[in-house]
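Peer 1: Next up is a structure, given as structure tokens.
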Amino acid sequence: MIDLAYRPVAAVLVSLLAVPLIVASRRRPGLRETWTFLAAAAKLGLVASMLPTVIGGERVDAAPLELAPGFALHLRADAFGIVFATLASALWLVTSVYSVGYMRAGKEPRQTGYFVAFAVCLSATIGIALAANLVTFLVFYEVLTVATYPLVIHSRSPEAKRAGRRYLAYTMLAGQALLVAVVWTAAIAPGEELRAGGFLAGRAGPAVLVAIFVLFMIGCGAKAALLPLHGWLPDAMIAPTPVSALLHAVAVVKAGVFGCLRIVGWVFGIDLMSKLGLDLALAVLAGTTILVGSVRALAQDELKRRLAYSTVSQLSYIVLGAALGSAPAIAGAVFHMVAHGFMKITLFFCAGAIHARHHLSRISELKGLGRRMPLTFGAFTLGALGLAGTPLLAGFVSKWQLGIGALDASQPIYVAVLLTSGLLNLAYFFPIVRAAFFDGPTATETQEAGPLLTGPLLLTAAAALLLGIFPDAVASFHSLAWQVAGEIASSPPQLAGGAP
Amino acid sequence: MRDHLPLLAIAVPLTAAMIAPLLGRSSVALARGLAILASLLTLAAALGALAASLAAGPVRYALAGWPPPFGIELVVDPLSGSVASLVAAIATLVAVWGVPSPDRPGGGVFWALFLLLVAGLVGIAVTGDLFNLFVFLEISALAGYALLGAHDARSRVAGFRYLLVGTVAGSFYLLGVGYLYALTGTLNMADMAARLPAHAGSPLVTLGVALIVAGLAAKSALFPLHGWLPDAYAYAPPAVVAFVAAVASKVSVYALIRILFDVVGSAGPLSTLLGILGWTAAAASVAGAGMAIAQQDFRRLLAYSSVSQMGYIFLGLAIGNEAAFTGALLHLVSHAVMKANLFLVAGGVLWRRGGCRLDDFGGLSRQMPVTTTALAVTALSMAGLPPTAGFFSKYYLVLGAIQEGAWWWLGAIVLSTLLGIAYLLGVLERAWFGERASDEVGGELPPRLLVPIVTLTAAVLAIGLFNQDLVEVVLRHALPASVR
Amino acid sequence: MTALPLDYWLTAGLLLVGLYGLIASPNLLRKLMSLNILQASIIVFFIQLGAKTGAAPPFAPEHAEVVAADYVNPLPQTLMLTAIVVGVATTGLALALLIGIHRHFGTLDEADILRRLRE
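Have a look at this one:
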């Protein structure tokens with residue numbers, strides 16, 4: 067077995083190693099897809115094998131690789147990192163199955179390039195998750211940007227290319243901001259790695275620290291679809307649905323919020339955030355994004371665009387939790403990364419199944435489809451209810467924690483924000499469900515998409531349900547979330563923006 | 090033997106240049122083979138001298154036995170050794186390619202000019218005498234004018250205008266040297282460095298240094314003295330440009346570094362000069378990138394990109410601390426490699442598809458996957474994406490800028506990087522994701538053309554991944570004493 | 003050095019004439035001639051550096067006692083021999099390019115040529 071110390075590196079590299087194999091088997095789709103599955107399974111296995119150690123309170127540390135003075139690539143699995151890594155690799159495995167079904171149903175071209183790009187993206191995502199210092203984070207973050215671009219413009223249509231250019235414009239700008247922020251941090255705090263509680267306190271005056279924070283937030287916020295840097299996400303929905311599902315509901319956007327949370331908890335620290343008043347500003351921004359995203363979702367007729375705006379809104383739950391800073395808020399934020407991942411991917415899988423089987427993508431066209439695709443729409447309903455925060459589903463757990471966290475931080479207004487968002491969620495999801503099941507012509511026979519498409523969405527919906535009832539049932543996500551909170555949260559009660 | 094290496098590095102290409110036309114009469118392939126052999130020997134000599142200088146201090150050779158400061162001295166220290174090795178390495182690869190174009194490999198005279206250019210550039214790098222530098226500067230310049238100009242009518246016009254600017258630049262350099270000679274009575278660089286401080290603050294020093302800097306800056310195509318460059322690069326065969334673009338301007342920068350930091354040092358108005366250089370460089374990096382975006386011809390795009398990238402190098406010099414200077418030197422090396430590679434790719438596209446405009450890049454990945462991958466890696470490196478060579482030089486530059494608080498210049502770096510991403514990724518988008526050209530003949534480039542491209546691409550990745558070793562082992566020692 | 007300052011002013015004037023001609027002439031051949039004038043002015047400058055009133059040319063019988071102040075400084079003259087050669091080579095190359103340009107464009111007017119180049 068691979069020694070524990072090498073597993074972080076192995077987890078990152080395994081899908082890169084699959085790339086030449088995928089390219090070599092480009093004329094044999096069965097073999098090509100097998101390599102993808104094997105790589106995904108291996109990645110999940112490696113990540114999962116590190117879980118027990120991390121749950122036990124230890125971290126899995128790989129040896130750093132120095133590339134320049136003060137510039138070392140260093141991977142380390144701590145509680146927060148392993149949560150993201152497990153989520154990403156588990157969902158990659160599921161999405162790989164789904165991708166195969168989707169590509170075959172649509173007879174999509176350029177599948178080799180697609181699977182190659184996916185493999186590279188997942189390597190980068192795990193690299194982001196397990197990054198032990200800002201520089202490693204930056205490197206993998208940029209690689210992720212470049213590797214996702216071919217997936218966005220997969221169809222090569224003019225709209226796809228436009229969406230791709232827009233995506234690059236946002237993410238490259240963010241990348242430069244992130245670069246300056248990382249280098250600046252290295253200049254004022256040389257040799258420092260990510261540390262729970264932050265390491266920037268006292269390193270420079272407040273003006274400099276605020277400037278660095280703003281740059282970091284631009285850098286991570288673009289991928290996290292934080293207002294006003296969210297514009298690329300709805301347009302990116304032009305990509306094939308598996309891409310939207312995994313990357314733009316899980317990997318890329320979660321990398322953004324992961325980054326935001328890392329900056330808040332491991333670079334600045336909650337206390338410094340509070341002293342500089344940054345927590346208040348971030349909370350306002352997150353709250354605004356939550357509401358604006360939900361409202362814009364109402365106006366969309368394209369199903370995937372509605373889901374995109376929902377994502378914009380839901381991601382800011384996590385940013386809000388980071389801003390609030392209290393232990394339940396942090397735990398809720400981390401758990402929401404997982405919960406939203408499972409729920410949103412279910413919804414995207416459903417959208418893709420609907421498109422693959424019936425070639426429909428507009429909400430107005432979905433009347434009565436629920437009766438012909440009961441499994442798919444059943445899963446959709448579960449996911450939608452979960453996102454709205456219905457009890458017994460994963461979304462409720464995280465929302466509840468966030469609400470408690472807001473009260474703990476003496477910011478009750480955000481409870482109102484969360485509740486409003488929940489209502490808006492119902493407002494934009496319920497009509498879809500109702501129209502699917504209760505409107506339109508009655509069904510004569512079920513016309514589900516194939517098993518490769520329906521299976522995964524049922525699996526993720528079931529996971530969302532399972533996590534709602536037994537939050538620790540899968541990978542001890544819930545305990546890990548509280549472990550993270552224990553590492554970085556402020557001691558309650560926390561007065562945001564004021565004295566501790 | 091060790092002491093003779095600097096001389097060999099110049100004498101070998103010079104002698105080969107004289108033999109090449111004779112060989113060319115019987116067979117052009119022989120002349121080309123001679124060029125490859127001579128470049129390899131030069132590379133060996135330069136690397137040997139570099140290694141020797143790293144181990145035991147600068148390698149010095151007095152020409153004809155006349156001791157300095159009266160005689161002309163050749164000096165190889167880590168900085169000049171690196172530059173000489175860089176010149177020879179890229180010369181070898183371009184010679185393997187077979188300039189000016191794969192199917193018109195140029196006569197014996199062409200290879201003679203090529204070798205003269207190599208000799209001139211290496212000479213600039215290893216000389217320790219200010220006037221000797223002028224001589225080699227003009228040798229390389231003349232060879233450059235001929236190489237760039239002698240193809241078709243358009244290249245002749247571009248070459249002539251380059252000649253005008255270049256000769257004025259060289260003359261200004263000479264005039265500046267004249268002033269310094271009048272003041273100190275010596276032309277030997279080390280001797281002048283010892284004598285100049287006594288005249289610090291004198292208007293003659295200021296004027297002399299200003300003239301030298303202006304001349305060398307024009308040769309490096311520093312904005313706004315860059316006007317000659319886009320035409321000269323656009324109308325000459327890409328493979329020729331690959332060598333000239335990659336290396337010639339870098340050697341002029343080397344000369345500037347050597348004179349400004351080692352010879353003049355604190356005796357001259359260094360901080361004012363560096364301030365002016367910094368602001369012009371900031372303008373260069375942004376303006377060059379901005380103009381590159383508007384280009385439809387790939388070679389012109391690369392030419393303006395060079396203007397922009399040279400701006401980074403000058404910015405690093407102007408910021409002046411150890412990190413920024415390291416970034417400048419690292420960029421000097423990495424940009425040479427990247428630009429050479431991009432021009433060779435341009436040459437490949439021109440050869441296969443008959444045109445080198447951006448439209449001609451559509452669907453390139455289908456026809457020439459290896460070449461397009463090389464293009465992608467190099468373009469991503471120029472755009473500064475990790476973990477390539479271009480990223481690390483940018484990292485050092487940004488670090489240096491932040492440490493010095495040079496916020497406007499940092500803004501220029503960031504802005505020009507974003508613009509650079511725009512035009513480079515635009516090309517990549519066409520190559521990987523563009524429409525296929527309807528009538529394509531042939532597949533990947535033949536090995537003779539592919540080997541230099543792949544080698545350079547590997548170098549781009551290697552410099553990135555091993556930049557730590559490069560900096561620690563070589564570049565750190567190449568920093569001028571005042572910066573360390 | 004005991005040369006009169008007036009010499010240096012004249013040299014400077016020569017340089018400016020060359021520079022002006024280089025920039026302002028519409029004809030490429032004239033630009034080349036102005037370039038030659040510019041180069042010549044620099045050569046003259048160097049020679050002036052070494053000149054001394056009443057000094058002898060730098061020849062002396064072998065083993066004779068040499069007082070440097072009595073002789074003209076030979077070094078600038080040596081340097082300028084090289085510079086003259088460089089100038090000649092440059093001019094030769096430039097003329098070769100001009101012949102080719104004239105053959106193709108039929109004119110040596112810069113504005114004309116540039117206009118046709120851009121088309």
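Chains as they are written, first to last, in the working numbering: chain A, 67 to 566; chain B, 90 to 573; chain C, 3 to 121.
Where a beta carbon is used, it is the ideal one built from N, C-alpha and C, also for glycine.
For A/L546, I'd like the list of residues in its chain whose CB is within less than 6 Å of its CB, leaving aside the five on either flank, ordered along the chain.
Peer 2: As a first step, residue 546 of chain A must be located in the first sequence, where it is residue number 480. Closer than 6 Å at the Cβ level, and outside the excluded window around A/L546, lie A145 and V149.
Peer 1: Cβ atoms of B/L469 and B/T461: under 7 Å apart, would you say?
Peer 2: What you label residue 461 of chain B is simply residue 372 of the second sequence in a count that begins at 1. What you label residue 469 of chain B is simply residue 380 of the second sequence in a count that begins at 1. Not a contact, by the Cβ cut-off of 7 Å.
Peer 1: I want to verify the contact list: residues of chain A whose CB lies under 7 Å from the CB of B/G556, in sequence order.
Peer 2: Position 467 of the second sequence, counting from 1, holds the residue named residue 556 of chain B. According to the sequence provided, residue 556 of chain B is Asn. The question's Gly does not apply to it. The contacting residues are L133 and A134.
Peer 1: Measuring CB atoms only, is the segment 471-485 of chain A touching the segment 400-411 of chain A, in the sense that at least three cross pairs come out at less than 8 Å?
Peer 2: Fewer than three pairs of CB atoms, one per stretch, sit closer than 8 Å, so the segment 471-485 of chain A makes no contact with the segment 400-411 of chain A.
Peer 1: Per DSSP, which one or two residues make a beta bridge with B/A151?
Peer 2: Here the question's residue 151 of chain B lines up with position 62 in the second sequence. In the DSSP output, where bridge partners are listed per residue, B/A151 has B/E162.
Peer 1: Straight-line CA distance for A/E511 to A/F503?
Peer 2: For this step, residue 511 of chain A is matched to residue 445 along the first sequence. For this step, residue 503 of chain A is matched to residue 437 along the first sequence. Rounded to whole angstroms, A/E511 to A/F503 spans 14 Å at the Cα level.
Peer 1: By DSSP, does B/V336 sit in helix, in strand, or in coil?
Peer 2: What you label residue 336 of chain B is simply residue 247 of the second sequence in a count that begins at 1. Three-state result, B/V336: helix.
Peer 1: Say whether chain A places a C-beta atom closer than 7 Å to the C-beta of B/I346.
Peer 2: As a first step, residue 346 of chain B is located in the second sequence; it is residue number 257 there, counting from the start. Answer no: the Cβ-Cβ gap between B/I346 and chain A never drops below 7 Å.
Peer 1: For B/V329 versus B/L231, is the C-beta spacing smaller than 7 Å?
Peer 2: On the second sequence, position 240 is the one that residue 329 of chain B refers to. On the second sequence, position 142 is the one that residue 231 of chain B refers to. No, the pair does not count as a contact, with Cβ atoms beyond the cut-off.
Peer 1: Quick one: residues in its chain with C-beta nearer than 8 Å to the C-beta of B/A450, no 5 flanking neighbours on either side, listed in chain order?
Peer 2: Position 361 of the second sequence holds residue 450 of chain B. In the sequence as displayed, the identity of residue 450 of chain B is Phe instead of Ala. Sequence-distant Cβ neighbours of B/F450 in its own chain, meaning closer than 8 Å and more than five residues away, are F387, V438, V516, R519, A520 and G523.
Peer 1: What are the uninterrupted segments assigned as alpha helix (DSSP H) that are 4 or more residues long and contained completely in the segment 267-324 of chain A, given in chain order?
Peer 2: 272-289, 298-301 and 307-312
Peer 1: Any Cβ of chain B within less than 7 Å of the Cβ of A/V249?
Peer 2: Within the first sequence, the letter at position 183 stands for residue 249 of chain A. At least one chain B Cβ lies under 7 Å of A/V249.
Peer 1: Using a beta-carbon distance below 7 Å, is A/V205 in contact with chain F?
Peer 2: Annotation note: the requested chain F is absent from the structure, which comprises protein chains A, B and C.
Peer 1: Would you decide whether A/E124 is buried or exposed? Buried here means 16 or more other CB atoms lie within 10 Å of its CB.
Peer 2: Stepping through the first sequence from its first residue, residue 124 of chain A is reached at position 58. When all chains shown are included, A/E124 counts as exposed.
Peer 1: According to DSSP, which residues form a beta bridge with A/R142?
Peer 2: Counted from its first residue, the first sequence places residue 142 of chain A at position 76. Looking at the DSSP assignment, A/R142 forms a beta bridge with A/D127.
Peer 1: Under 7 Å between C-beta atoms, does B/Q398 make it to chain A?
Peer 2: If you number the second sequence from 1, residue 398 of chain B lands on position 309. Output row for B/Q398: interface = no.
Peer 1: Under three-state DSSP, which class holds B/A180?
Peer 2: Indexing the second sequence from 1 puts residue 180 of chain B at position 91. Note: B/A180 maps to helix in three-state DSSP.
Peer 1: Taking Cβ to Cβ, would you say B/A98 is nearer than 7 Å to B/A135?
Peer 2: Within the second sequence, the letter at position 9 stands for residue 98 of chain B. Within the second sequence, the letter at position 46 stands for residue 135 of chain B. In this structure, B/A135 lies closer than 7 Å to B/A98 by Cβ.
Peer 1: Taking the DSSP output, what are the residues bridged to B/T216?
Peer 2: As a first step, residue 216 of chain B is located in the second sequence; it is residue number 127 there, counting from the start. Paired residue(s): B/L163.
Peer 1: Under 7 Å, Cβ to Cβ, is there at least one residue of chain A near B/F414?
Peer 2: Along the second sequence, one-based indexing puts residue 414 of chain B at 325. Judged by the 7 Å Cβ criterion, B/F414 is not in contact with chain A.
Peer 1: Let me know the secondary structure DSSP gives A/E174 once reduced to three states.
Peer 2: The count along the first sequence starts at 1 and reaches residue 174 of chain A at position 108. A/E174 falls in the coil class under three-state DSSP.
Peer 1: So is B/S260 in contact with chain C if we call contact Cβ pairs under 7 Å?
Peer 2: Numbered from its first residue, the second sequence carries residue 260 of chain B at position 171. Interface residue, yes.
Peer 1: Between the segment 104-117 of chain C and chain B, which residues of the former have a C-beta closer than 7 Å to a C-beta of the latter?
Peer 2: H106, F107 and I115
Peer 1: With burial defined as no fewer than 16 other Cβ atoms inside 10 Å of the residue's Cβ, what is the status of B/D241: buried or exposed?
Peer 2: Stepping through the second sequence from its first residue, residue 241 of chain B is reached at position 152. By the 10 Å Cβ count, B/D241 comes out exposed.
Peer 1: So that I know if they touch, is there some Cβ in chain C lying closer than 7 Å to that of B/A511?
Peer 2: Numbered from 1 along the second sequence, position 422 holds the residue referred to as residue 511 of chain B. No, its Cβ sits nowhere closer than 7 Å to a Cβ of chain C.
Peer 1: Leaving out five residues on either side along the sequence, give the residues of the same chain with a beta carbon under 6 Å from the beta carbon of A/Q242.
Peer 2: On the first sequence, residue 242 of chain A is found 176 positions in, with the first residue counted as 1. Within the same chain, A/Q242 has no close Cβ partners at all.
Peer 1: Should the segment 310-319 of chain B be regarded as contacting the segment 369-389 of chain B, the criterion being three or more beta carbon pairs within less than 8 Å?
Peer 2: yes
Peer 1: Going by DSSP, which residues form a beta bridge with C/V117?
Peer 2: Within the third sequence, the letter at position 115 stands for residue 117 of chain C. Note that residue 117 of chain C corresponds to Arg in the displayed sequence, not to Val. C/R117 pairs with nothing; no bridge assigned.
Peer 1: Quick check: what's the CA-CA separation for B/G509 versus A/F408?
Peer 2: For this step, residue 509 of chain B is matched to residue 420 along the second sequence. For this step, residue 408 of chain A is matched to residue 342 along the first sequence. Using only the alpha carbons, I get a separation of about 38 Å.
Peer 1: Taking C-beta pairs closer than 8 Å, name the residues in chain A that B/P475 reaches, listed in chain order.
Peer 2: Taking the second sequence and counting its residues from 1, the one referred to as residue 475 of chain B is at position 386. Those within 8 Å of B/P475 in chain A are L204, V205, E208 and V209.
Peer 1: Specify, as a first and last residue, the run of the alpha helix (DSSP H) that A/Y480 falls within.
Peer 2: If you number the first sequence from 1, residue 480 of chain A lands on position 414. Counting along the chain, the alpha helix (DSSP H) containing A/Y480 begins and ends at I479 to F504.
Peer 1: B/D320 to B/A247, Cα distance in whole Å?
Peer 2: Walking along the second sequence from the start, residue 320 of chain B turns up at place 231. Walking along the second sequence from the start, residue 247 of chain B turns up at place 158. Spanning the two alpha carbons is a distance of roughly 5 Å.
Peer 1: Determine which residues share a DSSP beta bridge with C/D111 and list them.
Peer 2: Residue numbering aside, residue 111 of chain C sits at position 109 when the third sequence is read from its first letter. Per DSSP, C/N29.
Peer 1: Quick check: the Cα distance between A/L70 and A/D127, rounded to an integer number of angstroms?
Peer 2: Here residue 70 of chain A refers to the residue found at position 4 of the first sequence. Here residue 127 of chain A refers to the residue found at position 61 of the first sequence. Answer to the nearest angstrom: the Cα atoms are 8 Å apart.
Peer 1: Please report whether the beta-carbon of C/Q173 lies at a distance below 7 Å from any beta-carbon of chain B.
Peer 2: Residue coverage of chain C in this structure runs from 3 to 121, which leaves residue 173 of chain C outside it and unanswerable.
Peer 1: Return the residues of the segment 230-264 of chain B that lie within a Cβ-Cβ distance of less than 7 Å from chain C, sorted by chain order.
Peer 2: L231, Y234, A235, G238, A242, R243, R245, V246, G248, F249, L252, L253, T256, V257, S260, L263 and L264
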